[in-house]
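Below is one structure, written out as structure tokens; comments come after it.
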Amino acid sequence: MLAIDVISTIFISAGAFFMITGTVGLLKFPDFYTRMHATGKCDTLGQVLVILGCVIYEGFTFISIKLLLVAAFYLLAGPASTHALMKAAYVTGLPVWKKGDKRM
Amino acid sequence: MIIPFVIIGLVVASTVLACSYRAIVGPGTYNRIVAANVIGTKAIVILVLVGYMIERPQFIDVALMYAAIAFIGTIIIAKYAERGELCSP
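Set out below in structure tokens:
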């Protein structure tokens, strides 16, 4: 019982670490595209890691199957929404940051 | 085994507060949409963790529905911002 608690705590802490990293990227990067680059990956991985930690803590029940369903749905939905937003911004002509420009 | 869920929930809630800075003052429309998308993701995680904190597994159904609604909302807002209309006649 104790080993399962420790392993699930490690997974949930790793997910929280990735979420903090994505938030720092969202706050400090200079451009819309680089911000999407930070959050699109870190949030997906962080959410899936937190839910995997909850699944390990729960064991094999009906609730853990629903948790895996949430994780699988977001593993598809997160990159799809990131791509849609990025393409919308690129088509409407949002300027791209280059090295030496001001932050925007 | 309640304590790690409470601590991680507080950490994720503080990152939601940090993201709301970009949602409020971020320049332009797209930065605000990104911040709203990120806050939706973190809300799913907070819902799952709250369901474990007060030991009510019904919150996981709420998290599943919230994931679907946040995804559809982001897709619709991206389409509207790209084309300027939702459905062409």
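If you read the protein sequences in the order shown, they are chains R and Y. Heads up, the working numbering is the position in the first sequence plus 289, with the first residue counted as 1. Heads up, the working numbering is the position in the second sequence plus 55, with the first residue counted as 1. Note that CB positions come from ideal geometry on N, CA and C, so glycine has one too.
- Within a 10 Å sphere around the beta-carbon of S69 (chain Y) sit fewer than 16 other beta-carbons, which makes this residue exposed.
- Per DSSP, the continuous alpha helix (DSSP H) segment holding F306 (chain R) begins and ends at 291-317.
- Annotated three-state conformation of Q336 (chain R) is helix, per DSSP.
- Pairing V344 (chain R) with L357 (chain R) gives a Cβ-Cβ distance under 9 angstroms.
- In terms of CA proximity to Y363 (chain R), Y:M120 leads the group Y:V89, Y:V66, Y:Y135, Y:M120.
- If you check the CB distance, L316 (chain R) and A91 (chain Y) do not come in under 9 angstroms.
- Less than 9 angstroms separates the beta-carbon of V103 (chain Y) from that of V339 (chain R).
- When DSSP states are grouped into helix, strand and coil, L356 (chain R) belongs to the helix group.
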